[in-house]
Amino acid sequence: MADIHVEEFYKDAAIALVQLYGAFPRRINLFVEDIAGPDEPDEFGLHSKRHMACFGALLWLSEEGLLRYIDTIRQEALDQAVLTRDAFIRLSSPAPQALAREFGVPEEGSASSLPPSVKEDLSTHIHLIRTALRSGNSARISQIMQTTFFADRGNY
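Listed below in structure tokens is the structure:
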């Protein structure tokens with residue numbers, strides 16, 4: 022089992038990528054509270070460790086080339102954030118078949134009555150991330166995010 026802060030990182034990153042993908046190609050403000058939940062700064066105006074970890078995850082996504090933004094809004098949001106080309110392609114691409122099967126996506130050539138285009142859409146990284154988030158299962162979220170982060174970038 023991963024450390025709790027790593028599981029929270031995967032969940033924060035997943036939520037942020039889903040929000041950005043849903044708005045693509047528009048730029049949006051990506052608020053930490055929308056991802057990690059409400060936060061009340063302490064008497065000195067400092068945010069909680071949880072809030073700062075989420076903000077750090079957003080900055081990390083940018084540093085790793087998965088999103089761009091114009092500026093930060095204090096430590097509360099990224100202003101005018103958008104997915105990068107590489108992130109959009111990665112999220113839109115099919116996940117490995119073994120992982121898609123684990124998430125209930127029918128295999129190619131199976132007796133499923135789903136059209137091939139629907140099967141292909143159900144096997145994309147973004148669909149599996151959304152499915153994992155809906156399940157609330159930390160292990161599933163971690164698994165699909167690791168697969169998404171470590172996907173072969175040579176195909177882009």
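Using our numbering, read the sequence shown as starting at 22 and increasing by one per residue.
Virtual Cβ for every residue (Gly too), placed ideally from N, Cα, C.
Check, Outcome
"With a Cβ-Cβ cutoff of 9 Å, do Gly77 and Thr105 count as a contact?", "no"
"By how many angstroms is the C-alpha of Glu64 removed from the C-alpha of Glu13?", "Lying outside 22 to 177, the shown extent of the chain, residue 13 is not represented and no answer is given."
"Name the DSSP beta bridge partners of Thr93, please?", "Leu99"
"Using the rule of at least 16 other Cβ atoms within 10 Å of the residue's Cβ for burial, across every protein chain shown, is Leu67 buried or exposed?", "exposed"
"Assign Ile165 to buried or exposed, taking buried as 16 or more other Cβ atoms, counted over all protein chains shown, within 10 Å of its Cβ.", "buried"
"In whole angstroms, what separates the C-alpha of Arg89 from that of Leu79?", "10 Å"
"Hey, out of Ala116, Ile25, Arg47, Glu54, whose CA is closest to Ile36's CA?", "Glu54"
"Can you name, in chain order, every residue of its own chain whose Cβ lies under 7 Å from the Cβ of Pro46, other than the five neighbours on each side?", "Val103"
"Does the distance between the C-beta of Ala44 and the nearest non-hydrogen atom of the ligand ZN fall short of 8 Å?", "Among the components of this structure there are no ligands whatsoever, and the ligand ZN is therefore not found."
"My assumption, with CB atoms under 8 Å, is that His146 sits in contact with Leu99. Please give the rounded CB distance.", "Between Leu99 and His146 the Cβ distance is about 21 Å, and since that is not below 8 Å, they are no contact."
"In the stretch 57-86, which residue ranges form an unbroken alpha helix (DSSP H) of at least 4 residues, counting only runs that do not cross its ends?", "70-84"
"Taking the alpha-carbon positions, what's the Ala44 to Asp107 distance?", "16 Å"
"Taking the alpha-carbon positions, what's the Thr178 to Lys70 distance?", "The structure shown has nothing for residue 178, since the chain only spans 22 to 177."
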